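Report on the following structure.
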Amino acid sequence: MTLDRLRLLFEAGDLLAAEIVTAPLEPGPASRWCCQFRRRNGAKVAMILNRKRQGGEVVRVFNSLDAAFAACRSVGFRAVTVTQS
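In this text, residue positions in the sequence shown follow our numbering: the first is 2, and each later residue adds one.
Laid out in structure tokens, this is it:
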């Protein structure tokens with residue numbers, strides 16, 4: 002889900018929690034991160050890029066934990082859970 006839609010859902014009270022998780026299948030020695038959000042109905046949605054690549058939606062991947070947290074703050078969250086697997 003794009004940043005604009007996530008912000009609208011947060012303001013409407015539909016997003017309950019934010020979680021930053023390590024991005025699966027990302028190459029390189031350093032961890033890369035993605036943001037997931039839990040909706041009121043229990044579903045988890047990931048932040049995606051505004052542009053589509055290769056005809057489909059692509060999950061937004063952050064190189065640093067700070068950048069991922071800043072994205073969660075821009076949605077409206079002040080507290081975020083970080084999970085590293």
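Virtual Cβ for every residue (Gly too), placed ideally from N, Cα, C. Computed from a predicted model, the values in this text were never measured in an experiment.
{"Asked": "Buried versus exposed call for Val-60 [16 or more other C-beta atoms within 10 Å across all chains shown]", "Found": "exposed"}
{"Asked": "Where the alpha helix (DSSP H) through Val-76 begins and ends", "Found": "66-76"}
{"Asked": "Residues near Thr-23 by beta carbon distance below 6 Å, same chain, minus five either side", "Found": "Ser-32, Gln-85, Ser-86"}
{"Asked": "Sheet register partners of Glu-20 (DSSP bridge)", "Found": "Gln-37, Thr-82"}
{"Asked": "Distance between beta carbons of Val-46 and Arg-54, contact taken as under 8 Å", "Found": "So it is not a contact: roughly 18 Å between Cβ atoms."}
{"Asked": "Residue burial classification, Val-1 (beta-carbon count within 10 angstroms, cutoff 16)", "Found": "Since the first residue shown for the chain is 2 and the last is 86, residue 1 is missing from the structure and cannot be characterised."}
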